[in-house]
Amino acid sequence: MEKFEWTEDMNIGIEVIDSQHRRIVDYINDLSDAISKSEVEEVFDVMERLRDYTFDHFVFEEQLMEQAGYPLLQSHQMVHRRFEDKVRNMYDELTGGKDPFSVARRARTSLMVWLIQHIRHEDEDYVSTVKKIVSKEQTWISGALKRIFGASEKTSG
Ligand SMILES: [Fe+2]
Numbered sequence: 001m002e003k004f005e006w007t008e009d010m011n012i013g014i015e016v017i018d019s020q021h022r023r024i025v026d027y028i029n030d031l032s033d034a035i036s037k038s039e040v041e042e043v044f045d046v047m048e049r050l051r052d053y054t055f056d057h058f059v060f061e062e063q064l065m066e067q068a069g070y071p072l073l074q075s076h077q078m079v080h081r082r083f084e085d086k087v088r089n090m091y092d093e094l095t096g097g098k099d100p101f102s103v104a105r106r107a108r109t110s111l112m113v114w115l116i117q118h119i120r121h122e123d124e125d126y127v128s129t130v131k132k133i134v135s136k137e138q139t140w141i142s143g144a145l146k147r148i149f150g151a152s153e154k155t156s157g
């Protein structure tokens, strides 16, 4: 299964966010590996981690936008909530007994498409507002990362 390659144009220029997006891409590639190897348990495991990490990323991104006073926060939140519903539905299909590999293949495709579109549109839009606070708010960012992702997440921004 073809690897989802991170390309330079997917960077928004805010390292703390770019590294989270790259991590999501890594998880998508882990999912591809699990599908290629026909590992059912690994499919479940990666789908769960992918869902949890993506949802945590949304929480972090929303708190960062709020901290920066981004005016379109609400509509960005709505886009996140809609995508969460979609991910939740796919996860429910998986646990509900549907063919795990076909669900995983669909999840992989829709995540790839959604992520690229979302980065280029909604995420690009907050960059100038959020960039203004990033260097001043390193302590707040470290705290938010620890609070949301736990101690494992790297705190460089
Ligand atoms: Fe976003």
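Start counting the sequence shown at 1; every next residue gets the next number (the UniProt record's numbering).
Glycine included, C-beta positions come from ideal geometry on N, C-alpha and C.
Measuring CB to CB, does residue i end up less than 8 Å from residue j?
i: Glu66; j: His80; result: no
i: Pro100; j: Val43; result: yes
i: Arg108; j: Ser32; result: yes
i: Val87; j: Thr54; result: yes
Excluding sequence positions up to five away, which residues of its chain have a Cβ less than 7 Å from the Cβ of residue i?
i: Tyr70; result: Tyr126, Thr129, Val130
i: Val103; result: Met90, Glu93, Leu94
i: Gln77; result: Glu62
i: Asp18; result: Asn11, Ile12
i: Trp114; result: Phe83
Excluding five sequence neighbours on each side, which residues of the same chain lie with their C-beta closer than 6 Å to the C-beta of residue i?
i: Phe149; result: Asp56
i: Ser36; result: Met1
i: Leu50; result: Tyr27
i: Met10; result: Ile119
i: Leu123; result: The sequence as given places Asp at residue 123; Leu does not occur at that position. Once the five neighbours on either side are set aside, the close Cβ partners of Asp123 are Ile12.
i: Glu48; result: none
Considering only C-alpha positions, which residue in the set the options is nearest to residue i?
i: His118; options: Phe4, Ile12, Glu8, Lys3; result: Ile12
i: Arg23; options: His121, Arg82, Glu2, Met112; result: Met112
i: Leu73; options: Lys86, Val59, Glu84, Asp85; result: Val59
i: Ala68; options: Glu122, Lys136, Arg106; result: Lys136
i: Glu5; options: His21, Ile35, Val16; result: His21
i: Gly143; options: Glu48, Val16, Lys3; result: Val16
i: Thr7; options: Val134, His121, Ile116; result: Ile116
i: Gly97; options: Val40, Ile14, Lys132; result: Val40
i: Ser75; options: Ile141, His121, Ser110; result: His121
Sorted by chain position, which residues of the same chain lie with C-beta nearer than 8 Å to residue i's C-beta, five sequence neighbours on each side aside?
i: Arg106; result: Met90
i: Asn29; result: Lys3, Phe4
i: Ile14; result: Val127, Val130, Lys131, Val134, Gly157
Only counting runs of 4 or more residues, tell me where the alpha helix (DSSP H) segments fall wholly within the UniProt domain "Hemerythrin-like" (13-127), in order along the chain.
15-36, 40-68, 73-95, 100-118
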